[in-house]
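Going down the list, the sequences are from chains D and P.
Going by our numbering, the first residue of the first sequence is number 110, and it counts up by one from there.
Going by our numbering, the first residue of the second sequence is number 110, and it counts up by one from there.
Cβ coordinates follow ideal geometry from the N, Cα and C atoms, glycine included.
2 protein chains.
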Amino acid sequence: MRALLFDVFGTVVDWRGGVAREAAPFLARHGADNADPFVFADAWRRRYQPAMEAVRNGRRPFTRLDVLHRENLAAILPDFGIDPVRVPAVELDELNLAWHRLDPWPDAVAGLTRLKRRYIIAPLSNGNIALLLNMAKRAGLPWDAILGAEVAQAYKPTPESYLRTADILALRPHELCLVAAHNGDLAAARSCGFKTAFVPRPTEHEAGQTIDLHPEQNWDVIADDFGALAGKLGL
Amino acid sequence: MRALLFDVFGTVVDWRGGVAREAAPFLARHGADNADPFVFADAWRRRYQPAMEAVRNGRRPFTRLDVLHRENLAAILPDFGIDPVRVPAVELDELNLAWHRLDPWPDAVAGLTRLKRRYIIAPLSNGNIALLLNMAKRAGLPWDAILGAEVAQAYKPTPESYLRTADILALRPHELCLVAAHNGDLAAARSCGFKTAFVPRPTEHEAGQTIDLHPEQNWDVIADDFGALAGKLGL
Numbered sequence: 110m111r112a113l114l115f116d117v118f119g120t121v122v123d124w125r126g127g128v129a130r131e132a133a134p135f136l137a138r139h140g141a142d143n144a145d146p147f148v149f150a151d152a153w154r155r156r157y158q159p160a161m162e163a164v165r166n167g168r169r170p171f172t173r174l175d176v177l178h179r180e181n182l183a184a185i186l187p188d189f190g191i192d193p194v195r196v197p198a199v200e201l202d203e204l205n206l207a208w209h210r211l212d213p214w215p216d217a218v219a220g221l222t223r224l225k226r227r228y229i230i231a232p233l234s235n236g237n238i239a240l241l242l243n244m245a246k247r248a249g250l251p252w253d254a255i256l257g258a259e260v261a262q263a264y265k266p267t268p269e270s271y272l273r274t275a276d277i278l279a280l281r282p283h284e285l286c287l288v289a290a291h292n293g294d295l296a297a298a299r300s301c302g303f304k305t306a307f308v309p310r311p312t313e314h315e316a317g318q319t320i321d322l323h324p325e326q327n328w329d330v331i332a333d334d335f336g337a338l339a340g341k342l343g344l
Numbered sequence: 110m111r112a113l114l115f116d117v118f119g120t121v122v123d124w125r126g127g128v129a130r131e132a133a134p135f136l137a138r139h140g141a142d143n144a145d146p147f148v149f150a151d152a153w154r155r156r157y158q159p160a161m162e163a164v165r166n167g168r169r170p171f172t173r174l175d176v177l178h179r180e181n182l183a184a185i186l187p188d189f190g191i192d193p194v195r196v197p198a199v200e201l202d203e204l205n206l207a208w209h210r211l212d213p214w215p216d217a218v219a220g221l222t223r224l225k226r227r228y229i230i231a232p233l234s235n236g237n238i239a240l241l242l243n244m245a246k247r248a249g250l251p252w253d254a255i256l257g258a259e260v261a262q263a264y265k266p267t268p269e270s271y272l273r274t275a276d277i278l279a280l281r282p283h284e285l286c287l288v289a290a291h292n293g294d295l296a297a298a299r300s301c302g303f304k305t306a307f308v309p310r311p312t313e314h315e316a317g318q319t320i321d322l323h324p325e326q327n328w329d330v331i332a333d334d335f336g337a338l339a340g341k342l343g344l
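Structure (structure tokens):
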């Protein structure tokens, strides 16, 4: 194993808390102070997979996630009683950057720093390069490189997203390990020959989260957080 | 200014010394012990621009630098009395990785570490991602991201190589500064609206180097090394 590649949204950072934090003052400013900012975060995120699906199935050329997030933001505003054409574009652009300012889970920076001593560490995320880079710079995530969908020009979980990343690194798939909190991502990576590490994040979703609490396959490593992952890898 | 993008071969690392260091035992093993490994490094590097030119002018699809280096290596061996088909491919593959193991100039790591406090720092090199990443991991170059020709799918000094990099970072060209030891690279970046910083590397080429000893335009910053560059930027 030479490189550890990380899913980011949910695995490294708390997207739901971060988006809700930035949405709250926006909602208040636009008369939606009764809206729950966590419900707003969930609504925004619900359009994430369908937007990427248009790229995956070829209906649309590869389009970076910042653009998809921005379209999805405009699309959900009416559900919260906000008319998107009455909000200055610059304000929507700014709120869209909430995804660049997500906080890491408390164990992430220290765990990555340990893992980096022996392995190449990089995101393999559907986030675009600028998003992942700005996030890392703000949060101190010590990536060796910024990889993922934009570099591979393919969204997870297509095989291309994993296999092109291996090719770019000039490594064979079995020399790579995907670290993710999502069984589906790990299953797709395993199908491409990657090693797999499951780190559950039981507070990613709403209270009473029911998915991805447990490993659904015999993943190569299962660890409670990135510190435990480093420990299991002998670091 | 938000990001400093660095030319790498010659500006951050000593390609000539590094390639010569790895070529010496190879030449000795193959009966070319009289060959000067620095002459070998120069011969290899002489085919660098022509190989990329085939990509730039569209005669060939984008091809990463590791592949071009490998072809160029096979091409120069006869000039040193070595028949490339009699050398095991694995040995040529290994020598080709000399470009992944170049040493930084003595001021580079400390200077980059200072510059990283305020700016995004990343290579904007014609080297491919794996080459630049392996180099950084070995040498401790603290890049925030690995950018360059492979990410932009265009070789410097085409405008696309600079402008696509700005677009990927979601920054305007004037928010970026190219740092390079080569006036030609800086001129191309300036034409695209980048800020420019010239750091001469008078020992990049053979003793008696005649090119790129002095600034050929009024570059935005001129500094003797990366420490001086950090000082001039107030870090």
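- Ala258 of chain P has a beta carbon lying at 9 angstroms or more from every beta carbon in chain D.
- Within its own chain, the residues whose Cβ lies closer than 6 angstroms to the Cβ of His283 of chain D, once the five positions on either side in sequence are excluded, are Gly302, listed in chain order.
- Taking Leu221 of chain D as the centre and dropping the five residues before and after it, the same chain places the C-beta of Ile230, Leu250, Pro251 and Phe335 closer than 7 angstroms to its C-beta, in chain order.
- Going by DSSP, Leu201 of chain D is part of the alpha helix (DSSP H) stretching over Ala198 to Asn205.
- Sixteen is the threshold: when 16 or more other Cβ atoms of the shown chains lie within 10 Å of the Cβ of Glu259 of chain D, as they do, the residue is buried.
- When DSSP states are grouped into helix, strand and coil, Pro213 of chain D belongs to the strand group.
- Along the stretch 278 to 303 of chain D, the positions whose C-beta sits under 7 angstroms from a C-beta of chain P are Leu278 and Ala279, read in chain order.
- Note that the C-beta distance between Gln318 of chain D and Asn292 of chain D is not below 9 angstroms.
- Between the stretch 135 to 148 of chain D and the stretch 225 to 239 of chain D, the count of Cβ pairs shorter than 8 angstroms is below three; the stretches do not touch.
- Runs of the alpha helix (DSSP H) lying entirely within the stretch 237 to 296 of chain P and spanning at least 4 residues, in chain order: 238 to 248, 258 to 261 and 268 to 278.
- Here Asn143 of chain D is exposed. Its C-beta has fewer than 16 other C-beta atoms within 10 Å.
- Per the C-alpha coordinates, the member of D:His178, D:Trp214 and D:Ala279 positioned closest to Arg310 of chain D is D:Trp214.
- Pairwise C-beta distances place the stretch 162 to 180 of chain P in contact with the stretch 253 to 267 of chain P, as three or more of them are shorter than 8 angstroms.
- For Asp116 of chain P, there are no neighbours in chain D by C-beta distance under 7 angstroms, as the nearest C-beta there is about 18 angstroms away.
- Flagged as an interface residue toward chain D: Asn237 of chain P, by a C-beta distance shorter than 9 angstroms.
- Scanning P:Val199, P:Met244, P:Ile320 and P:Leu224 for the CA closest to the CA of Phe135 of chain P turns up P:Val199.
- Residue burial annotation: Ile320 of chain P is exposed, with fewer than 16 other C-beta atoms found within 10 angstroms of its C-beta.
- The residue from P:Ala275, P:Leu182, P:Phe189 and P:Leu186 with its alpha-carbon nearest to that of Asp202 of chain P is P:Leu182.
- Annotation: the continuous beta strand (DSSP E) that includes Ile229 of chain P extends over Ile229 to Ser234.
- Annotation: Leu211 of chain D to Ala133 of chain D spans about 14 angstroms, alpha carbon to alpha carbon.
- Contacts with chain D at 9 angstroms (Cβ-Cβ) include Asp253 of chain P.
- Judged by DSSP in its simplified three-state form, Ile331 of chain P adopts strand.
- Counted as a single uninterrupted DSSP element, the beta strand (DSSP E) harbouring Phe115 of chain P occupies residues Ala112 to Phe115.
- Distance from the CA atom of Ala248 of chain D to the CA atom of Val288 of chain D, rounded to whole angstroms, is 19 angstroms.
- Shown here is that no member of the stretch 140 to 168 of chain P has a Cβ falling below 7 angstroms from a Cβ of chain D.
- A straight line joining the alpha-carbon of Trp124 of chain D with that of Leu272 of chain P spans about 30 angstroms.
- Here Ala306 of chain P is bridged, per DSSP, to P:Val288 and P:Val330.
- Under the Cβ distance rule, Lys341 of chain P does not count among the residues neighbouring chain D, no pair being separated by less than 9 angstroms.
- It is roughly 53 angstroms from the alpha-carbon of Ala332 of chain D to the alpha-carbon of Glu315 of chain P.
- When DSSP states are grouped into helix, strand and coil, Val176 of chain P belongs to the helix group.
- Per the DSSP secondary-structure output, Phe118 of chain D pairs in a beta bridge with D:Val122.
- Within the same chain, and ignoring the five residues on either side of Ile277 of chain P in sequence, the residues whose Cβ sits closer than 8 angstroms to its Cβ are Leu256, Val260 and Ala261.
- The Cβ of Asp175 of chain D sits closer than 9 angstroms to at least one Cβ of chain P.
- Interface annotation for the stretch 257 to 276 of chain D against chain P: Glu259 and Val260, criterion Cβ-Cβ distance under 8 angstroms.
- For Ile185 of chain P, the secondary structure class from DSSP, reduced to helix, strand or coil, is helix.
- When secondary structure is reduced to three states using DSSP, Thr222 of chain D falls in the helix class.
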